[in-house]
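In the working numbering, the protein residues as written are 4 to 303.
Before any comments, here is the structure.
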C-alpha cells in the first residue's frame with residue numbers, strides 16, 4: 004500500500020437508492036479527515052477526485068420496474084473511467100459514495116483492468132434483486148445481480164467494463180435483510196453468503212478467512228465493497244437503509260484489520276453514509292476509522 008499510494012474518488016450520487024442525503028457522504032468523510040488519516044499512516048495520497056455525476060433524475064414511465072437507469076449508466080461510466088485510471092496508475096482506489104449503485108462504476112473500471120476480479124461485499128442486504136424481483140426499483144439493491152449478469156441490465160453495458168464478475172469469487176458478509184428473490188438466487192447459484200447468524204455462530208475471524216479464500220481463488224485482484232449499513236444502527240445510524248442486528252464496532256474494525264494483514268485487497272468502495280441521518284458525525288467518523296484500519300492502522 005505504501006508503495007502504491009491511494010487515490011480517493013468521490014461520487015456524490017443518491018439516485019440509485021432514492022433517498023437523498025448520501026450524496027453528502029463523500030464530502031463529510033473528507034471533512035472528517037480521511038486524507039489526513041491516510042497521510043498519517045505514511046501512505047502517499049495520489050489525488051482526490053470528485054466525479055461530476057447527475058444530481059437529479061427523471062423517472063421513466065416506460066420502465067416502472069427500475070428507477071433512474073439512464074442516470075445510473077451515466078454515473079457508472081464516469082466512475083469507471085476514474086477507477087480504471089487509478090488502477091492503471093498502480094494506485095489503490097477508494098471510491099466514496101453515495102449510494103451503493105456507485106459500485107457498478109467501480110466494478111466496471113476494475114474489470115477493465117483485472118482479468119478476473121474477486122469481490123468481498125459487506126452489506127445488510129443482498130443487492131441481488133433483478134428487474135423481475137425488486138420490490139422498490141432502486142438499483143442500489145441490484146448491484147451484484149448486475150455485476151454477475153443475472154439481470155437484464157448488466158455490468159458489461161457500461162463502456163470500458165471487462166467481463167462479468169464470476170459468482171464463484173463473490174462473498175457477501177453481514178446480511179440480515181434478504182428479499183425472497185435474493186434468497187432464491189443465493190441458493191440456486193451457490194453464492195457465498197455469510198449472514199449475521201453465521202458470524203454469531205463462527206466468529207468474524209473464521210468468516211473472513213473463508214471469504215478471502217473464496218474471493219482470491221484464481222483472481223488477480225480483490226475488491227472490497229463496504230456498505231455502512233452492515234453495521235448495527237447503534238454504531239452507525241447515519242445510513243440509507245439501517246437494519247438492526249448488524250456488526251459491532253470491534254467486529255467491523257477486526258474485519259478490516261484482518262483484511263489488511265492479508266495484503267490481498269486491491270481496491271475499496273465505502274458507501275451509504277448519510278450525514279442527514281447521522282448523529283454528531285458518528286457514522287462518518289467510523290467510516291474514516293474503518294478505512295484507516297483497512298489501510299494498516301493498528302492499535303499498537
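All C-beta atoms, glycine included, are put in the ideal place defined by N, C-alpha and C.
Keep in mind that this is a model prediction, so the values were computed, not measured.
Original post:
In whole angstroms, what is the alpha-carbon distance linking residue 36 and residue 239?
Top reply: 18 angstroms
Original post:
According to the Cβ coordinates, are residue 54 and residue 81 closer than 7 angstroms?
Top reply: yes
Original post:
Among the residues of its own chain, which have a CB less than 8 angstroms from the CB of residue 214, if the five just before and after it don't count?
Top reply: 123, 174, 176, 195 and 197
Original post:
CB residue 83 to CB residue 112, shorter than 7 angstroms?
Top reply: yes
**OP:** Answer yes if the segment 54-70 comes into contact with the segment 135-152, meaning at least three C-beta pairs across the two stretches below 8 angstroms, and no otherwise.
**Re:** Verdict: yes, contact present.
Original post:
First and last residue of the alpha helix (DSSP H) that includes residue 73?
Top reply: 72-91
Subject >> Cβ shell of residue 199 (< 6 angstroms), same chain only, five flanking positions each side left out >> reply: 179 and 248
Original post:
Taking buried to mean at least 16 other C-beta atoms within 10 Å of its own C-beta, is residue 118 buried or exposed?
Top reply: exposed
Subject >> Selection from 280, 120 and 64 that minimises the alpha carbon distance to residue 167 >> reply: Measuring from the Cα of residue 167, the nearest candidate turns out to be 120.
Original post:
Since residue 21 is in the alpha helix (DSSP H), which residue starts that stretch and which ends it?
Top reply: That residue, residue 21, is in no alpha helix (DSSP H); it is neither H nor E in DSSP.
**OP:** Less than 8 angstroms between the CB atoms is what I'm expecting for residue 299 and residue 263, so what's the real figure, rounded?
**Re:** 5 angstroms
**OP:** Would you kindly work out how many angstroms separate the C-alpha atoms of residue 270 and residue 62, rounded to a whole number?
**Re:** A direct Cα-to-Cα measurement between residue 270 and residue 62 gives close to 32 angstroms.
Subject >> Opposing strand residues paired with residue 272 [DSSP bridges] >> reply: 98 and 228
Original post:
Nearest to residue 268 by CA position, among 127, 94, 283 and 184, is which residue?
Top reply: 94
Original post:
Taking the continuous alpha helix (DSSP H) assigned at residue 219, which residues delimit it?
Top reply: 207-219
Original post:
When the Cα of residue 222 is compared with those of 193, 242 and 172, which residue comes out closest?
Top reply: 172
Original post:
Using the beta-carbon count (16 or more within 10 Å), is residue 228 buried or exposed?
Top reply: Buried, because 16 or more other Cβ atoms sit within 10 Å of the Cβ of residue 228.
Original post:
Can residue 31 be considered in contact with the ligand COA, in the sense that its beta carbon sits closer than 6 angstroms to one or more heavy atoms?
Top reply: In terms of ligand content, the structure shown is empty, and the ligand COA therefore cannot be addressed.
**OP:** Thinking residue 16 and residue 102 are a contact (beta carbons under 8 angstroms), I'd like their distance in whole angstroms, please.
**Re:** 6 angstroms
Subject >> Assigned secondary structure, residue 116 (DSSP; H/G/I helix, E/B strand, else coil) >> reply: coil
**OP:** Answer with buried or exposed for residue 155, where buried requires no fewer than 16 other C-beta atoms within 10 angstroms of its C-beta.
**Re:** When all chains shown are included, residue 155 counts as exposed.
Original post:
Alpha carbon to alpha carbon, what distance is there between residue 65 and residue 7?
Top reply: 46 angstroms
Original post:
Got a sec? Which residues, its chain only, sit under 7 angstroms from residue 246 by beta carbon, not counting five neighbours each side?
Top reply: Only 127, 179, 180 and 232 meet the Cβ criterion.
Subject >> Burial state of residue 278, where buried means 16 or more other Cβ atoms lie within 10 Å >> reply: Under this definition residue 278 is a buried residue.
Subject >> Residue nearest to residue 243 in terms of C-alpha spacing, selected from 281, 10 and 161 >> reply: 281
Original post:
Quick one: is residue 203 buried, meaning 16 or more other Cβ sit within 10 Å of its Cβ, or exposed?
Top reply: exposed
Subject >> Strand pairing of residue 180, partner residues [DSSP] >> reply: 128
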